[in-house]
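In this note's numbering, the protein residues as written are 28 to 359.
All residues carry an ideal CB built from backbone N, CA and C; glycine is no exception.
The model shown is predicted, which means the values in this text are computed figures rather than measured ones.
For reference, the structure discussed in these notes is given below.
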């Protein structure tokens with residue numbers, strides 16, 4: 028008989044529980060989640076398919092993908108492990124309105140009765156290079172392993188702190204020079220530069236307790252930058268290993284000569300310039316500047332910068348925290 032002529036009789040699906048290693052939660056007909064990693068489960072069914080929509084929350088984890096699996100149990104205790112499923116169930120990144128669809132008719136045929144859905148989650152922490160960092164705005168960043176460190180492969184673009192609070196932007200030159208709160212700018216206030224180089228943050232945003240990097244990531248300290256330099260042969264040559272080989276007129280590339288650039292580390296450093304503490308913008312395509320999280324004095328912080336003319340990486344502790352520089356993130 029054609030399934031269109033013989034619909035499945037009322038598959039009533041209620042969420043029974045969620046497993047996180049062991050069973051932690053129970054849902055009745057209201058399907059209210061009590062665990063922090065998955066909630067707001069909505070279940071629909073028709074004559075042949077069951078659709079489960081849910082929110083997968085990042086919680087206190089590091090944003091690694093999770094395997095989400097579902098088994099169904101009947102009132103009689105029968106366990107059904109669905110195989111004809113599609114959607115968000117393998118290597119799912121945190122987010123809202125995830126959906127799993129199960130072709131129940133194809134597996135069960137004519138079924139009548141109540142089914143209970145039991146969820147289990149397995150966190151899969153991917154190796155650096157496979158892992159993707161995702162910020163609160165939804166921007167994603169490829170990653171690269173250098174020595175024992177894991178770095179984001181591009182500059183930060185986020186416009187909010189980790190808790191969702193907006194980072195102030197659009198400051199006038201005088202406001203930029205005088206603020207002691209976190210803020211960001213986009214080079215020359217042109218959106219194209221945000222896409223090419225990321226945002227330029229003052230150091231007050233870097234050290235704000237609300238967090239700038241994605242969950243599970245942090246702005247590297249001065250010591251962590253030194254570890255990176257040493258891994259790449261020292262400050263006199265590490266710059267070449269960090270710099271992208273892209274050159275103008277390639278969008279985002281360095282101006283000539285881009286001396287010593289090999290990008291052998293995979294770091295892919297681009298010359299995003301800076302917003303000086305006066306408020307003006309300087310040095311795009313010629314220099315790239317990156318904050319560390321380390322304060323060198325009350326009003327200054329340790330930075331690293333690279334230039335087109337050499338293969339060095341330069342360490343400097345005299346730049347005022349009111350400057351706007353690029354930010355990279357390290358994995359916790």
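Cα separation between residue i and residue j?
{"i": "residue 159", "j": "residue 102", "result": "41 Å"}
{"i": "residue 261", "j": "residue 199", "result": "39 Å"}
{"i": "residue 184", "j": "residue 297", "result": "14 Å"}
{"i": "residue 193", "j": "residue 132", "result": "47 Å"}
{"i": "residue 212", "j": "residue 263", "result": "30 Å"}
{"i": "residue 325", "j": "residue 343", "result": "15 Å"}
{"i": "residue 283", "j": "residue 314", "result": "12 Å"}
{"i": "residue 72", "j": "residue 110", "result": "17 Å"}
{"i": "residue 220", "j": "residue 226", "result": "8 Å"}
{"i": "residue 258", "j": "residue 172", "result": "11 Å"}
{"i": "residue 113", "j": "residue 216", "result": "43 Å"}
{"i": "residue 144", "j": "residue 242", "result": "30 Å"}
{"i": "residue 346", "j": "residue 274", "result": "27 Å"}
{"i": "residue 96", "j": "residue 135", "result": "18 Å"}
{"i": "residue 331", "j": "residue 117", "result": "39 Å"}
{"i": "residue 240", "j": "residue 141", "result": "45 Å"}
{"i": "residue 186", "j": "residue 164", "result": "7 Å"}
Pop quiz: residue i and residue j are said to be a contact at Cβ under 8 Å. What is the actual Cβ separation, rounded to whole angstroms?
{"i": "residue 352", "j": "residue 317", "result": "6 Å"}
{"i": "residue 122", "j": "residue 188", "result": "Rounded, the Cβ-Cβ distance is 19 Å, inconsistent with contact."}
{"i": "residue 104", "j": "residue 224", "result": "Contact doesn't hold; Cβ gap of about 59 Å is too wide."}
{"i": "residue 76", "j": "residue 130", "result": "6 Å"}
{"i": "residue 338", "j": "residue 279", "result": "Going by Cβ atoms, the distance from residue 338 to residue 279 rounds to 19 Å, so no, they are not a contact pair."}
{"i": "residue 281", "j": "residue 312", "result": "6 Å"}
{"i": "residue 366", "j": "residue 207", "result": "There is simply no residue 366 to check, as the chain begins at 28 and stops at 359 in what is shown."}
{"i": "residue 128", "j": "residue 78", "result": "5 Å"}
{"i": "residue 305", "j": "residue 204", "result": "6 Å"}
{"i": "residue 181", "j": "residue 168", "result": "6 Å"}
Can you tell me where the alpha helix (DSSP H) holding residue i begins and where it ends?
{"i": "residue 249", "result": "249-258"}
{"i": "residue 134", "result": "131-135"}
At which residues does the beta strand (DSSP E) containing residue i begin and terminate?
{"i": "residue 345", "result": "341-347"}
{"i": "residue 327", "result": "327-334"}
{"i": "residue 311", "result": "Neither: residue 311 is in no beta strand (DSSP E) and is coded neither H nor E."}
{"i": "residue 163", "result": "Segment: none, residue 163 is in no beta strand (DSSP E) and carries neither H nor E."}
Sequence ranges, alpha helix (DSSP H) only - wholly within the segment 173-238, length at least 4: 200-205, 218-224 and 230-233
Stretch-stretch touch, CB-based, cutoff 8 Å, three pairs: the segment 308-322 with the segment 235-250: yes
Any 3 or more C-beta pairs closer than 8 Å across the segment 342-357 and the segment 169-181: Contact check between the segment 342-357 and the segment 169-181: three or more CB pairs, one atom from each, fall below 8 Å, which counts as touching.
In chain order, each alpha helix (DSSP H) run of at least 4 residues that lies wholly inside the segment 253-293: For the segment 253-293, whole alpha helix (DSSP H) runs of length 4 or above, ordered along the chain, are 262-269.
Contained beta strand (DSSP E) runs [length at least 3] in the segment 67-131, N- to C-terminal order: 76-83, 93-101, 112-114 and 122-130
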